Amino acid sequence: MHSSSSPKSETADILARDSQYLLPVYARYQVVMERGEGVYVYDTDGNRYLDLMAGLGVNGLGHAHARMVKAMAEQAAKMVHLSPQYSSKASVDLAQRLCELSGLSSVFYSTGGSEAVEGALKLARAYGHKNFGAHKHRVIALNGSYHGRTYGSLSVTGQSKYRSDFEPGLPGIDFVDREDLAQLEAAVSGDACCILLEPILGEGGVHELSHEYLKRARDLANRHSALLIFDEIQCGLGRAGDWFAYQASGVRPDALILGKPLGGGLPLSALVVDRDLVNTLGVAKHGSTLGGSPMACRMGVEFLSVMEDDNLLAQIRETGAVLKRELEKLAATSPIAVEARGRGLIQALELNVPGRPIVEAGLKEGLMLNVVQGHILRFLPSFLLTPEHVMEAIPVITRLLEQEAAKHPASVATTSTAR
Ligand SMILES: Cc1ncc(COP(=O)(O)O)c(C=O)c1O
128 MHSSSSPKSE
138 TADILARDSQ
148 YLLPVYARYQ
158 VVMERGEGVY
168 VYDTDGNRYL
178 DLMAGLGVNG
188 LGHAHARMVK
198 AMAEQAAKMV
208 HLSPQYSSKA
218 SVDLAQRLCE
228 LSGLSSVFYS
238 TGGSEAVEGA
248 LKLARAYGHK
258 NFGAHKHRVI
268 ALNGSYHGRT
278 YGSLSVTGQS
288 KYRSDFEPGL
298 PGIDFVDRED
308 LAQLEAAVSG
318 DACCILLEPI
328 LGEGGVHELS
338 HEYLKRARDL
348 ANRHSALLIF
358 DEIQCGLGRA
368 GDWFAYQASG
378 VRPDALILGK
388 PLGGGLPLSA
398 LVVDRDLVNT
408 LGVAKHGSTL
418 GGSPMACRMG
428 VEFLSVMEDD
438 NLLAQIRETG
448 AVLKRELEKL
458 AATSPIAVEA
468 RGRGLIQALE
478 LNVPGRPIVE
488 AGLKEGLMLN
498 VVQGHILRFL
508 PSFLLTPEHV
518 MEAIPVITRL
528 LEQEAAKHPA
538 SVATTSTAR
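The numbering used here applies: residue 128 is where the sequence shown begins, and numbers increase by one.
Rendered as structure tokens:
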């Protein structure tokens, strides 16, 4: 059991000032993390945690990876930021690598996932306007999807709980249920400029779209001259066990959105587009002052190189298979677990009780867990996680579920969506 701080400790002081000076937009956990090492994080009281959420999927190479630290120090001594009107070796090296890996043609950098989604929406609308006229502006997105918090990305997020306080959002957005081919067919028509999909819905609870669904989306996009855009901010760049989650389906998008681990922890996202779209966003039609800095791109190059040199895709698949097997066992045995889902290192255990008490209890037992949709434990660990780490976590998770189940007699257990 972890030690907790006395009221006068540094930890208590930081938490008190946190609630005084930071907007309460996040329901923060009552610990203060100080440093990390690989898949472990240490708090200000010296307690160690196995990190199973990797900074919401950003820390692909864990914490303080020696090669990333070296690359960062070297680049910091040369140049951190440069106007995007100038070229840097790092930004070109990374763009070339992303194009080679995806088979797409050209990259636009921005700083975070939401900003990259904005770029994708502008690309789709500009494509519609330029080629067909202003009527071709409708965006088809999924109920239950998550694409970000800025106005455009929020407008295409298919969860009204996130949008309702901020309406009206962008016009011309139609939401359809995932896996409902008839709804998709009915929604995509001549005035659709794009279909926007997460091949694995992440924040929505880790739901992988079937290959059939992705193929039908591709067919409909072709038939109605709409773009097919995949948001792989969460599931891409190795997390699902392939460079990109869509690759298993054989369906190729017209544009791909990447973020989270891309900058090795620095703010970096990318919109990667196919050949035909290279000139759709013309000069001065889009931009991002901080997007694609030499520093963030140098980290991106190093991240991809480490992935390759250390054969991490294979490790993600192997560790992911062990995690899946163990979560499936829990889903079959725990009265409060409903289903295990996902692949690679994007997985979930859906519960029929709220998940936050389990995350809070997990912190006391040395685990950093994550809950989405109020009742779904989502696992987004670092790609350095091994089967041994999984087997270190599983007895703790089993115990946490048992303790929580004891509080919820089966007769009163219900599915909750409270956050
Ligand atoms: C699929 C997807 N799209 C977009 C975003 C938004 O990214 P950011 O929070 O970096 O703006 C996220 C973040 O979780 C995401 O998972």
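Just so it is clear, CB atoms sit at the ideal spot from N, CA and C, and this is done for glycine as well.
Since this is a predicted model, take the numbers as computed values, not measurements.
| Asked | Found |
| --- | --- |
| Given that a residue counts as buried once 16 or more other Cβ atoms are within 10 Å of its Cβ, and exposed if not, what is Y254? | buried |
| Please report the distance separating the alpha-carbon of H208 from that of L398. | 20 Å |
| Just grab the DSSP bridge partners of R470 for me. | I473 |
| Does any heavy atom of ligand 1 sit closer than 7 Å to the C-beta of Y273? | yes |
| Look at the alpha carbon of S130 and the alpha carbon of A139, and state the distance between them as a whole number of angstroms. | 13 Å |
| Give the straight-line distance between the Cα atoms of G493 and L512, rounded to the nearest whole angstrom. | 15 Å |
| Write down the C-beta distance between I296 and R290 rounded to the nearest angstrom, noting that I regard them as a contact closer than 8 Å. | In the sequence on display, residue 296 carries Gly and not Ile. G296 to R290, Cβ: 6 Å. Contact. |
| State the DSSP-derived secondary structure class of N438, mapped to helix, strand or coil. | coil |
| What are the boundary residues of the beta strand (DSSP E) that includes S396? | 396 to 400 |
| Please tell me whether, using a cut-off of 7 Å, the distance from the CB of E335 to the nearest non-hydrogen atom of ligand 1 is below it. | no |
| In angstroms, rounded to a whole number, what distance separates the CA positions of H190 and G182? | 10 Å |
| Work out the CA separation of D358 and G275 for me, nearest whole Å. | 11 Å |
| Shortest alpha-carbon distance to G365 belongs to which of K205, I443, V234? | I443 |
| Determine the burial state of S272: buried for a count of at least 16 other Cβ atoms within 10 Å of its Cβ, exposed for fewer. | buried |
| Taking the C-alpha atoms as reference points, what is the distance between G489 and P462? | 18 Å |
| Just how far apart, CA to CA, sit I360 and H262? | 29 Å |
| Along the beta strand (DSSP E) that carries L385, what are the first and last residues, could you check? | 382 to 385 |
| In this structure, how does DSSP classify T460 when only helix, strand and coil are distinguished? | helix |
| Taking the DSSP output, what are the residues bridged to V498? | L504 |
| Where L231 and N497 are concerned, what is the direct C-alpha to C-alpha distance, given to the nearest angstrom? | 33 Å |
| Drop a sphere of 10 angstroms on the beta-carbon of V196, count the other beta-carbons inside from all chains shown, and report buried for 16 or more, exposed for fewer. | exposed |
| Where do the ends of the alpha helix (DSSP H) carrying A253 lie? | 240 to 259 |
| Rounded to whole angstroms, what is the Cα-Cα separation between A459 and L528? | 12 Å |
| Between T541 and L347, what straight-line distance do the alpha-carbon atoms span, to the nearest angstrom? | Residue placement at T541 is flagged as unreliable, the pLDDT there being 48, under the threshold of 50; a coordinate-derived value is accordingly withheld. |
| Can you tell me where the beta strand (DSSP E) holding L354 begins and where it ends? | 354 to 358 |
| How many whole angstroms separate the CB atoms of G279 and L323, which I take to be in contact at a CB cut-off of 8 Å? | Not a contact, Cβ separation roughly 11 Å. |
| May I ask you to list the residues that DSSP assigns as paired with F235? | L398 |
| Assuming R265 and A319 make a contact with CB atoms under 8 Å, what is their CB distance in whole Å? | 5 Å |
| Identify which residue in G471, E137, D307 has its Cα closest to the Cα of G187. | G471 |
| Does the beta carbon of V499 fall short of 7 Å from some heavy atom of ligand 1? | no |
| Would you mind listing the alpha helix (DSSP H) stretches within the segment 210 to 235 that are 4+ residues and don't spill past its ends, in chain order? | 216 to 229 |
| Is it the case that the CB of G240 approaches a heavy atom of ligand 1 more closely than 7 Å? | yes |
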